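Asker: In this note's numbering, the protein residues as written are 354 to 691. No residue lacks a Cβ here, since even glycine has one placed at the ideal position from N, Cα and C. These numbers come from a predicted model, not from an experiment.
#1: DSSP three-state call for residue 501: helix, strand or coil?
#2: In terms of residue numbering, what span does the beta strand (DSSP E) encompassing residue 440 cover?
#3: Going by the CB atoms, is the gap between residue 679 and residue 653 shorter than 8 Å?
#4: Enumerated in chain order, which unbroken segments of the alpha helix (DSSP H) with a length of 4 residues or greater are wholly contained in the stretch 403–437?
#5: Do you know how far the Cα of residue 607 is from the Cα of residue 527?
#6: Tell me which same chain residues have a C-beta within less than 7 Å of the C-beta of residue 573, skipping the five on either side of it?
#7: Would you mind listing the alpha helix (DSSP H) stretches within the stretch 536–568 that are 4+ residues and don't spill past its ends, in chain order?
#8: Measuring CA to CA, which of 507, 673 and 539 is closest to residue 378?
#9: If you count every other CB in all the chains shown that lies within 10 Å of the CB of residue 484, and 16 or more means buried, which is it?
#10: For residue 669, which option in 454, 634 and 411 has the closest C-alpha, if you only look at C-alpha atoms?
#11: Taking 8 Å as the threshold, find out whether the stretch 537–557 comes into contact with the stretch 674–690 through three or more Cβ pairs.
#12: In the DSSP assignment, find the unbroken beta strand (DSSP E) run with residue 630 in it and report its ends.
#13: Measuring only the C-alpha atoms, how far is residue 389 from residue 450?
#14: Distance check for residue 443 and residue 356, CA to CA, integer angstroms please.
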(Lines of atoms letter the chains of each structure in order from A and count residues from 1; the text may use other names and numbers.)
(Lines give C-alpha, C1' and ligand atoms only; values in the text may rest on other atoms or scores of the structure.)
Protein backbone atom coordinates (compact mmCIF):
# COMPACT_ATOMS: atom_id res chain seq x y z
CA UNK A 1 0.00 0.00 0.00
CA UNK A 2 1.43 3.34 -1.06
CA UNK A 3 2.31 5.74 1.72
CA UNK A 4 0.65 9.15 1.63
CA UNK A 5 2.17 12.02 3.58
CA UNK A 6 -0.05 14.96 4.59
CA UNK A 7 1.12 18.26 6.02
CA UNK A 8 -1.37 19.65 8.57
CA UNK A 9 -1.29 23.24 9.81
CA UNK A 10 -3.03 24.69 12.85
CA UNK A 11 -1.04 27.21 14.88
CA UNK A 12 -3.51 28.30 17.60
CA UNK A 13 -5.59 28.58 19.77
CA UNK A 14 -4.99 25.87 22.35
CA UNK A 15 -8.50 24.40 22.25
CA UNK A 16 -8.60 24.44 18.46
CA UNK A 17 -5.28 22.62 18.24
CA UNK A 18 -6.50 20.01 20.75
CA UNK A 19 -9.55 19.41 18.52
CA UNK A 20 -7.22 18.80 15.57
CA UNK A 21 -5.50 16.05 17.58
CA UNK A 22 -8.87 14.34 18.17
CA UNK A 23 -9.56 14.37 14.43
CA UNK A 24 -6.08 13.14 13.47
CA UNK A 25 -6.46 10.14 15.76
CA UNK A 26 -9.59 9.11 13.90
CA UNK A 27 -7.93 9.81 10.55
CA UNK A 28 -4.92 7.63 11.35
CA UNK A 29 -7.12 4.80 12.63
CA UNK A 30 -8.94 4.74 9.28
CA UNK A 31 -5.91 5.22 6.99
CA UNK A 32 -3.01 2.97 7.98
CA UNK A 33 -0.93 4.12 5.00
CA UNK A 34 -1.09 7.75 6.06
CA UNK A 35 1.85 9.68 7.48
CA UNK A 36 1.24 13.07 9.05
CA UNK A 37 3.38 16.14 9.61
CA UNK A 38 1.73 18.45 12.14
CA UNK A 39 2.81 22.10 12.23
CA UNK A 40 1.91 24.03 15.36
CA UNK A 41 3.43 25.88 18.30
CA UNK A 42 5.91 23.77 20.27
CA UNK A 43 4.00 23.69 23.57
CA UNK A 44 1.10 21.93 21.80
CA UNK A 45 3.28 18.96 20.82
CA UNK A 46 2.00 16.74 23.70
CA UNK A 47 -1.46 16.71 22.11
CA UNK A 48 -0.06 14.62 19.25
CA UNK A 49 2.45 12.36 21.03
CA UNK A 50 0.37 9.18 20.91
CA UNK A 51 -0.68 9.42 17.26
CA UNK A 52 1.26 6.84 15.20
CA UNK A 53 3.27 7.90 12.15
CA UNK A 54 2.98 11.58 13.04
CA UNK A 55 5.91 13.97 13.07
CA UNK A 56 5.52 17.28 14.88
CA UNK A 57 7.21 20.31 13.35
CA UNK A 58 7.20 23.44 15.53
CA UNK A 59 6.49 26.91 14.21
CA UNK A 60 8.08 29.91 15.92
CA UNK A 61 6.00 32.84 14.55
CA UNK A 62 7.66 35.42 16.81
CA UNK A 63 11.17 34.29 15.93
CA UNK A 64 12.63 32.46 12.91
CA UNK A 65 9.23 32.04 11.22
CA UNK A 66 8.09 35.63 11.64
CA UNK A 67 6.63 37.43 8.62
CA UNK A 68 6.72 36.36 4.95
CA UNK A 69 10.47 35.70 5.02
CA UNK A 70 10.10 33.51 8.08
CA UNK A 71 7.24 31.59 6.47
CA UNK A 72 9.37 31.08 3.38
CA UNK A 73 12.01 29.61 5.68
CA UNK A 74 9.34 27.35 7.21
CA UNK A 75 8.20 26.29 3.74
CA UNK A 76 11.71 25.20 2.85
CA UNK A 77 11.96 23.25 6.10
CA UNK A 78 8.69 21.45 5.43
CA UNK A 79 9.53 20.55 1.83
CA UNK A 80 12.11 18.13 3.19
CA UNK A 81 9.32 15.83 4.38
CA UNK A 82 8.41 14.87 0.80
CA UNK A 83 4.78 15.88 1.27
CA UNK A 84 1.91 14.73 -0.97
CA UNK A 85 -0.94 16.93 0.33
CA UNK A 86 -1.34 20.08 2.42
CA UNK A 87 -4.29 20.40 4.83
CA UNK A 88 -4.72 23.97 6.10
CA UNK A 89 -6.89 23.65 9.22
CA UNK A 90 -6.34 27.25 10.26
CA UNK A 91 -7.14 29.54 7.32
CA UNK A 92 -5.52 32.62 8.81
CA UNK A 93 -3.00 35.00 7.26
CA UNK A 94 0.05 32.91 8.22
CA UNK A 95 -1.38 29.61 7.04
CA UNK A 96 -2.65 31.14 3.79
CA UNK A 97 0.80 32.56 2.97
CA UNK A 98 2.38 29.20 3.71
CA UNK A 99 -0.28 27.42 1.65
CA UNK A 100 0.34 29.82 -1.25
CA UNK A 101 3.99 28.77 -1.30
CA UNK A 102 2.94 25.12 -1.55
CA UNK A 103 0.32 25.87 -4.19
CA UNK A 104 2.82 27.73 -6.34
CA UNK A 105 5.15 24.75 -6.03
CA UNK A 106 2.42 22.45 -7.38
CA UNK A 107 1.25 20.69 -4.22
CA UNK A 108 -2.36 19.56 -3.84
CA UNK A 109 -4.07 21.30 -0.93
CA UNK A 110 -7.36 21.96 0.86
CA UNK A 111 -8.31 24.72 3.28
CA UNK A 112 -10.69 24.95 6.23
CA UNK A 113 -14.07 26.59 5.70
CA UNK A 114 -14.71 28.40 8.97
CA UNK A 115 -18.35 29.18 8.16
CA UNK A 116 -17.87 32.84 9.03
CA UNK A 117 -21.18 34.01 7.55
CA UNK A 118 -23.22 31.40 9.43
CA UNK A 119 -21.47 32.29 12.66
CA UNK A 120 -22.23 35.98 12.14
CA UNK A 121 -25.90 35.07 11.66
CA UNK A 122 -25.83 33.08 14.91
CA UNK A 123 -24.48 35.95 17.07
CA UNK A 124 -26.09 39.03 15.50
CA UNK A 125 -28.57 40.98 17.63
CA UNK A 126 -31.33 41.37 15.04
CA UNK A 127 -32.53 38.52 12.89
CA UNK A 128 -30.45 35.97 14.80
CA UNK A 129 -30.45 32.56 13.09
CA UNK A 130 -30.43 30.30 16.13
CA UNK A 131 -29.53 26.91 14.74
CA UNK A 132 -26.70 24.41 15.35
CA UNK A 133 -23.78 24.96 12.98
CA UNK A 134 -21.41 22.34 11.65
CA UNK A 135 -19.07 21.11 14.37
CA UNK A 136 -15.52 22.42 14.08
CA UNK A 137 -14.15 18.87 14.11
CA UNK A 138 -16.37 18.03 11.12
CA UNK A 139 -15.05 21.14 9.35
CA UNK A 140 -11.55 19.82 9.98
CA UNK A 141 -12.58 16.42 8.64
CA UNK A 142 -14.03 18.08 5.51
CA UNK A 143 -10.52 19.30 4.62
CA UNK A 144 -9.24 15.71 4.51
CA UNK A 145 -12.33 14.56 2.62
CA UNK A 146 -11.55 17.21 0.00
CA UNK A 147 -8.17 15.52 -0.39
CA UNK A 148 -9.94 12.22 -1.16
CA UNK A 149 -9.25 10.85 2.32
CA UNK A 150 -12.63 9.53 3.54
CA UNK A 151 -13.14 10.11 7.25
CA UNK A 152 -15.98 9.16 9.59
CA UNK A 153 -15.88 10.82 12.99
CA UNK A 154 -17.53 8.77 15.73
CA UNK A 155 -17.94 11.63 18.24
CA UNK A 156 -17.34 9.33 21.19
CA UNK A 157 -15.03 9.71 24.16
CA UNK A 158 -12.25 7.14 24.22
CA UNK A 159 -10.38 6.80 27.48
CA UNK A 160 -6.63 7.17 27.17
CA UNK A 161 -4.36 5.06 29.37
CA UNK A 162 -1.75 7.48 30.67
CA UNK A 163 0.76 7.42 33.55
CA UNK A 164 -0.18 8.69 36.99
CA UNK A 165 1.55 12.04 37.73
CA UNK A 166 3.98 11.48 40.57
CA UNK A 167 3.09 14.79 42.25
CA UNK A 168 -0.52 13.67 42.76
CA UNK A 169 -0.11 9.90 43.00
CA UNK A 170 -1.15 9.64 46.65
CA UNK A 171 -4.32 11.67 46.08
CA UNK A 172 -5.29 9.78 42.95
CA UNK A 173 -5.01 6.44 44.74
CA UNK A 174 -7.76 7.38 47.22
CA UNK A 175 -11.43 6.51 46.79
CA UNK A 176 -12.45 10.16 46.69
CA UNK A 177 -14.32 11.69 43.75
CA UNK A 178 -11.73 13.52 41.66
CA UNK A 179 -12.94 16.66 39.89
CA UNK A 180 -10.87 18.81 37.57
CA UNK A 181 -11.73 22.49 37.18
CA UNK A 182 -10.59 24.80 34.38
CA UNK A 183 -12.15 28.03 35.70
CA UNK A 184 -10.31 30.55 33.56
CA UNK A 185 -10.47 31.67 29.93
CA UNK A 186 -8.85 34.23 27.66
CA UNK A 187 -11.94 36.46 27.53
CA UNK A 188 -13.77 37.76 30.65
CA UNK A 189 -17.25 37.04 29.28
CA UNK A 190 -16.44 33.33 29.44
CA UNK A 191 -15.27 33.35 33.07
CA UNK A 192 -17.49 32.42 36.01
CA UNK A 193 -16.99 34.47 39.19
CA UNK A 194 -14.50 33.09 41.69
CA UNK A 195 -17.07 33.29 44.48
CA UNK A 196 -19.20 30.75 42.61
CA UNK A 197 -16.38 28.20 42.68
CA UNK A 198 -15.97 28.75 46.40
CA UNK A 199 -19.64 27.86 46.88
CA UNK A 200 -18.99 24.63 44.96
CA UNK A 201 -15.92 23.81 47.08
CA UNK A 202 -17.93 24.34 50.27
CA UNK A 203 -20.71 22.02 49.08
CA UNK A 204 -18.49 18.96 48.70
CA UNK A 205 -16.53 17.83 51.78
CA UNK A 206 -12.82 17.10 51.80
CA UNK A 207 -13.55 13.63 53.15
CA UNK A 208 -15.11 12.54 49.84
CA UNK A 209 -13.95 14.94 47.11
CA UNK A 210 -10.77 16.38 45.62
CA UNK A 211 -10.60 19.32 43.22
CA UNK A 212 -7.74 20.05 40.81
CA UNK A 213 -7.37 23.54 39.29
CA UNK A 214 -6.04 23.79 35.72
CA UNK A 215 -5.02 26.46 33.23
CA UNK A 216 -3.79 30.01 33.51
CA UNK A 217 -0.91 32.39 34.01
CA UNK A 218 0.57 34.14 37.02
CA UNK A 219 -2.61 35.96 38.04
CA UNK A 220 -4.70 32.78 37.81
CA UNK A 221 -2.04 30.87 39.71
CA UNK A 222 -2.37 33.31 42.59
CA UNK A 223 -6.13 32.74 42.74
CA UNK A 224 -5.65 28.98 42.64
CA UNK A 225 -2.99 29.14 45.36
CA UNK A 226 -5.40 31.11 47.53
CA UNK A 227 -8.04 28.43 47.03
CA UNK A 228 -5.47 25.77 47.86
CA UNK A 229 -4.60 27.46 51.16
CA UNK A 230 -8.25 28.00 52.03
CA UNK A 231 -9.64 24.58 51.10
CA UNK A 232 -7.80 21.36 52.04
CA UNK A 233 -9.36 19.43 49.16
CA UNK A 234 -8.30 21.86 46.41
CA UNK A 235 -5.05 21.20 44.55
CA UNK A 236 -3.40 23.68 42.18
CA UNK A 237 -1.67 22.46 38.99
CA UNK A 238 -1.05 25.92 37.48
CA UNK A 239 2.69 26.59 37.27
CA UNK A 240 3.33 23.08 38.56
CA UNK A 241 2.65 20.89 35.52
CA UNK A 242 3.33 21.05 31.80
CA UNK A 243 0.75 20.17 29.13
CA UNK A 244 1.78 16.52 29.03
CA UNK A 245 1.40 15.95 32.77
CA UNK A 246 -1.84 17.95 32.77
CA UNK A 247 -3.23 15.49 30.22
CA UNK A 248 -1.95 12.62 32.37
CA UNK A 249 -3.80 13.98 35.41
CA UNK A 250 -7.03 14.75 33.54
CA UNK A 251 -7.13 11.16 32.30
CA UNK A 252 -7.42 9.96 35.92
CA UNK A 253 -10.27 12.28 36.93
CA UNK A 254 -13.90 11.29 37.34
CA UNK A 255 -15.11 14.46 35.64
CA UNK A 256 -13.84 17.82 34.40
CA UNK A 257 -15.63 21.16 34.75
CA UNK A 258 -14.56 23.80 32.28
CA UNK A 259 -15.57 27.08 30.80
CA UNK A 260 -15.92 27.12 27.00
CA UNK A 261 -12.12 26.81 26.84
CA UNK A 262 -9.19 24.51 26.21
CA UNK A 263 -9.83 22.54 29.42
CA UNK A 264 -12.87 20.97 27.78
CA UNK A 265 -10.89 19.96 24.69
CA UNK A 266 -8.04 18.52 26.76
CA UNK A 267 -10.59 16.39 28.60
CA UNK A 268 -11.85 15.14 25.25
CA UNK A 269 -8.31 14.17 24.20
CA UNK A 270 -7.96 11.77 27.13
CA UNK A 271 -11.57 10.58 27.17
CA UNK A 272 -12.76 12.33 30.35
CA UNK A 273 -16.34 13.54 30.63
CA UNK A 274 -16.64 17.34 30.92
CA UNK A 275 -19.35 19.59 32.27
CA UNK A 276 -18.94 22.88 30.39
CA UNK A 277 -20.22 26.32 31.36
CA UNK A 278 -21.36 28.69 28.60
CA UNK A 279 -22.17 32.41 28.80
CA UNK A 280 -21.71 34.75 25.84
CA UNK A 281 -20.81 31.80 23.63
CA UNK A 282 -22.91 28.77 22.70
CA UNK A 283 -22.15 25.18 21.68
CA UNK A 284 -24.24 25.81 18.54
CA UNK A 285 -21.21 27.69 17.12
CA UNK A 286 -19.50 24.30 16.75
CA UNK A 287 -16.91 24.33 19.51
CA UNK A 288 -18.27 21.66 21.84
CA UNK A 289 -15.51 19.29 22.92
CA UNK A 290 -15.07 16.19 20.77
CA UNK A 291 -17.22 13.38 22.12
CA UNK A 292 -18.73 15.59 24.82
CA UNK A 293 -22.50 15.74 25.24
CA UNK A 294 -24.75 18.74 24.67
CA UNK A 295 -26.58 17.55 27.78
CA UNK A 296 -23.46 18.32 29.82
CA UNK A 297 -23.46 21.98 28.71
CA UNK A 298 -24.60 24.26 31.54
CA UNK A 299 -26.23 27.36 30.11
CA UNK A 300 -29.27 29.59 30.33
CA UNK A 301 -31.70 30.04 27.45
CA UNK A 302 -32.10 33.67 26.45
CA UNK A 303 -32.88 35.30 23.08
CA UNK A 304 -29.71 37.44 23.31
CA UNK A 305 -27.48 34.36 23.46
CA UNK A 306 -25.05 33.89 21.92
CA UNK A 307 -23.56 37.32 21.30
CA UNK A 308 -20.09 36.09 20.48
CA UNK A 309 -18.42 33.17 18.71
CA UNK A 310 -15.22 33.39 20.75
CA UNK A 311 -16.39 35.07 23.96
CA UNK A 312 -14.73 38.43 23.34
CA UNK A 313 -18.01 40.39 23.38
CA UNK A 314 -20.42 41.14 26.19
CA UNK A 315 -23.73 39.27 26.27
CA UNK A 316 -26.23 41.16 28.38
CA UNK A 317 -29.41 39.26 29.18
CA UNK A 318 -31.89 41.58 30.88
CA UNK A 319 -28.99 43.68 32.13
CA UNK A 320 -26.95 40.74 33.43
CA UNK A 321 -23.98 39.05 31.77
CA UNK A 322 -25.07 35.66 30.45
CA UNK A 323 -22.31 33.87 32.37
CA UNK A 324 -23.61 35.37 35.63
CA UNK A 325 -27.05 33.84 35.09
CA UNK A 326 -25.55 30.45 35.88
CA UNK A 327 -25.86 29.84 39.60
CA UNK A 328 -23.55 27.69 41.73
CA UNK A 329 -26.54 25.49 42.51
CA UNK A 330 -26.92 24.63 38.81
CA UNK A 331 -23.37 23.30 38.73
CA UNK A 332 -23.71 21.57 42.11
CA UNK A 333 -26.87 19.74 41.00
CA UNK A 334 -25.16 18.52 37.82
CA UNK A 335 -22.18 17.29 39.81
CA UNK A 336 -24.34 15.41 42.28
CA UNK A 337 -25.96 13.49 39.42
CA UNK A 338 -22.61 12.08 38.27
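Answerer: The answer reads as follows:
#1: Looking at residue 501 - three-state DSSP - the assignment turns out to be coil, as it is neither helix nor strand.
#2: It spans 438–441 - the beta strand (DSSP E) in which residue 440 sits, taken as one unbroken run.
#3: Yes, the pair counts as a contact, with Cβ atoms nearer than the cut-off.
#4: Listed in chain order, they are 420–432.
#5: Just so you know, the alpha carbons of residue 527 and residue 607 end up roughly 12 Å apart.
#6: Cβ neighbours of residue 573 beyond the five flanking positions: 537 and 591.
#7: Correct list: 547–556.
#8: Answer by Cα proximity: 507.
#9: Around the C-beta of residue 484, fewer than 16 other C-beta atoms lie within 10 Å, and the residue is accordingly described as exposed.
#10: Residue 669 has its Cα closest to that of 634, out of 454, 634 and 411.
#11: Look at the beta carbons and you see the stretch 537–557 touching the stretch 674–690: at least three pairs across the two are nearer than 8 Å.
#12: Unbroken beta strand (DSSP E) run through residue 630: 627–630.
#13: One C-alpha to the other measures close to 20 Å.
#14: Annotation: residue 356 to residue 443 spans about 25 Å, alpha carbon to alpha carbon.
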